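These notes concern the structure reproduced below.
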Amino acid sequence: RNQMFLDEMAAFLRLCGGENLPHCTLADGIRVQEIVQAVKQSASQEGRMVRLG
Numbered sequence: 032r033n034q035m036f037l038d039e040m041a042a043f044l045r046l047c048g049g050e051n052l053p054h055c056t057l058a059d060g061i062r063v064q065e066i067v068q069a070v071k072q073s074a075s076q077e078g079r080m081v082r083l084g
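Counting in the working numbering, the sequence shown runs from 32 upward without gaps.
This is the structure:
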């Protein structure tokens, strides 16, 4: 488990150093946040369906 963390940190540092490009875009991250918020909203409404914007 520790090796996975070390590998992730090394990849992050390479990204910060400009050696790699991110795997996910800002738009990807925003969409994930929209989905997470919809899941939370659905859970608070007894599992009712929530439309994504």
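For glycine and all other residues, C-beta sits at the position ideal for the given N, C-alpha and C.
As the structure is a prediction and not an experimental result, all values here were calculated from the model.
#### Entry: Expected contact under 8 Å - CB spacing of residue 57 and residue 69 to nearest Å
Going by Cβ atoms, the distance from residue 57 to residue 69 rounds to 19 Å, so no, they are not a contact pair.
### Message
Measuring straight from C-alpha to C-alpha, what distance separates residue 32 and residue 64?
### Response
26 Å
### Query
According to DSSP, is residue 81 helix, strand or coil?
coil
### Task
Would you tell me roughly how many angstroms separate the C-alpha atoms of residue 48 and residue 76, rounded to the nearest one?
44 Å
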